[in-house]
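Residue numbers (our numbering): 2 to 323.
Note that beta-carbon positions come from the ideal geometry of N, C-alpha and C, so glycine has one too.
Remember, predicted model here, so these are calculated numbers, not experimental data.
First the structure, in the form of structure tokens, and then the observations on it.
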Amino acid sequence: MSYLETTVDVYRQAAEEPQIGLCCTTNPVWQLPGLSMPKRMLEMNYGCGSTVNPRDLVNNPTVLYVGVGGGMELLQFSYFSRRPGSVIGVDVVPEMIDACQQNLVEAEAQNDWFHRDFMDLRLGSALDLPVEDNSVDVAAQNCLFNIFKADDLKRALEETYRILKPHGRLVMSDPVCEQPMSDELRNDERLRALCLTGSVPLQAYLDFVTGVGFGTVEIRAKRAYRLLSPRHYATNELLYIESVEVCAIKDPMPADGPCVFTGKTAIYYGDEDYFDDGKGHVLMPNQPLSVCDKTAGALARLTRNDIFISPSTYFYDGGGCC
2 MSYLETTVDV YRQAAEEPQI GLCCTTNPVW QLPGLSMPKR MLEMNYGCGS
52 TVNPRDLVNN PTVLYVGVGG GMELLQFSYF SRRPGSVIGV DVVPEMIDAC
102 QQNLVEAEAQ NDWFHRDFMD LRLGSALDLP VEDNSVDVAA QNCLFNIFKA
152 DDLKRALEET YRILKPHGRL VMSDPVCEQP MSDELRNDER LRALCLTGSV
202 PLQAYLDFVT GVGFGTVEIR AKRAYRLLSP RHYATNELLY IESVEVCAIK
252 DPMPADGPCV FTGKTAIYYG DEDYFDDGKG HVLMPNQPLS VCDKTAGALA
302 RLTRNDIFIS PSTYFYDGGG CC
């Protein structure tokens, strides 16, 4: 059995019998006015963060969600895009599609604004999405891509890039780990399916994302996720795993490389009215400006004694230099 077949088997069982916190720390649930979540949908919340951000969801976008789970985030997306077929859900597990459909029936009964025809559920794989080129405004996945090995991860990212419209957004939540893992852990198919041992360092994750062409990437959140202890896993040291929320934007790739925002800020504290680097970045005195890592590096190389560059906070909420 391949690791992908093991993954399908794990989530087939999770669809037939909800398992709270099966693979992931249950992520926070958006509390939105007039939105009621069915109990079973909450029990099938198999994510490690949130991919639902109101600033991505303006003007009734077409949304693709890969790995439907119990339908919680599908329902949240439809809250912002209330038209037939506006939210496409794709899953490789038929039983998960069926379970999601059942949960959406209950969601329709609990929410007078929601109609099931807002949803378009399709059986298919993240590696071969049943979606047309350049047809989606926002694509999302929660705690799925970390399961893939390198070649499959590259393929999944290429597929989402393909189906996104120009300037469309891929919003992701995945675990990352900065420490090396043993081959035994990496090759344990069930632990990989449970979103534990497919985690890679953040920079490697970002390299995969930018490597398929995304010109702008935002790190929106980073938080504690899991700890793998030698008492319970094949490791000689404690392995600390974090989850990250990332938005990759299908912008053209700049000639000097992608703009990656990791929460760095530039502050000018000189004596002039402002500082202008001549490259589109104007710093007003003592007014923090969010900058991408590339711009932060360029400003630091000026070796000025009147510009402060903050460390990465791994929290970025828009605005800034690019």
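Of the choices the options, whose alpha-carbon is the least far from that of residue i?
i: PRO336; options: GLN77, THR296, SER3; result: There is no way to answer for residue 336, as the model of the chain reaches only from 2 to 323.
i: LEU284; options: ARG123, TYR269, ILE164; result: TYR269
i: ASP134; options: ILE164, TYR66, THR52, GLY70; result: ILE164
i: ALA256; options: GLU273, LEU128, GLU243, LYS295; result: LYS295
i: SER51; options: LEU130, GLU74, ARG41; result: GLU74
i: ASN306; options: LEU158, PRO181, GLY271; result: GLY271
i: LEU33; options: GLU44, ALA222, ASN54, CYS49; result: ASN54
i: PRO202; options: PRO176, CYS196, ASP184; result: PRO176
i: THR63; options: ARG83, MET45, GLU44, ARG56; result: ARG83
i: GLU273; options: HIS282, GLY279, PRO286; result: PRO286
i: ALA151; options: GLY258, ALA205, ALA299, ALA108; result: ALA205
Is the distance from the Cβ of residue i to the Cβ of residue j below 8 Å?
i: VAL139; j: PHE119; result: no
i: THR198; j: LEU186; result: yes
i: ARG193; j: ILE242; result: no
i: LEU1; j: ALA127; result: Residue numbering for the chain in the displayed model covers 2 to 323; residue 1 lies beyond these limits and cannot be assessed.
i: SER244; j: ARG221; result: no
i: SER311; j: THR266; result: yes
i: SER183; j: ALA235; result: yes
i: ASP121; j: GLU160; result: no
i: VAL9; j: VAL93; result: yes
i: ASP277; j: VAL172; result: no
i: GLU1; j: TYR315; result: Nothing can be reported for residue 1, as the shown portion of the chain is limited to 2 through 323.
i: LEU195; j: VAL137; result: no
For residue i, does the three-state DSSP call read helix, strand or coil?
i: ARG187; result: helix
i: GLY90; result: strand
i: CYS239; result: The displayed chain sequence assigns Leu, not Cys, to residue 239. In this structure, LEU239 counts as coil in the three-state DSSP scheme.
i: ASP208; result: helix
i: LYS280; result: coil
i: LEU128; result: coil
i: ASN143; result: strand
i: PHE309; result: strand
i: LEU169; result: Before going further, note that residue 169 is Gly rather than Leu in the sequence given. Reduced to three states, the DSSP call for GLY169 is strand.
i: LYS256; result: One point to set straight first is that residue 256 is Ala, not Lys, in the sequence displayed. If DSSP states are grouped into helix, strand and coil, ALA256 belongs with coil.
i: MET120; result: strand
i: VAL213; result: coil
i: LEU290; result: strand
i: SER3; result: coil
To which residues of the same chain is residue i closer than 7 Å at the C-beta, ignoring the five residues directly before and after it?
i: HIS168; result: ILE250, LYS251, ASP252
i: GLU96; result: ARG13, ALA16, GLU17
i: LEU158; result: PHE209, VAL210, VAL213
i: ASP189; result: THR198
i: PRO131; result: VAL91, ARG123, GLY125
i: SER37; result: GLN111, ASN112
Output needed for residue i: all residues of its chain with C-beta closer than 6 Å, excluding positions within five of it in sequence on either side, in chain order.
i: THR304; result: none
i: ASN143; result: GLY48, THR52, SER174
i: PRO289; result: THR266, ILE268
i: TYR80; result: LEU33, LEU36
i: GLY320; result: SER291
Ordered along the chain, which non-local residues of its own chain (more than five positions away) have a Cβ less than 8 Å from that of residue i?
i: LEU228; result: LEU239, LEU240, TYR241, ILE242
i: PRO231; result: ASN237, GLU238, LEU239
Take every Cβ of the region 210–223, pair it with every Cβ of the region 248–255, and state whether three or more of those distances are shorter than 8 Å. Contact holds: three or more Cβ-Cβ distances are below 8 Å.
Does the region 65–72 touch the region 99–109, meaning 3 or more C-beta pairs lie closer than 8 Å? Because the criterion of three Cβ pairs below 8 Å is met, the region 99–109 and the region 65–72 touch.
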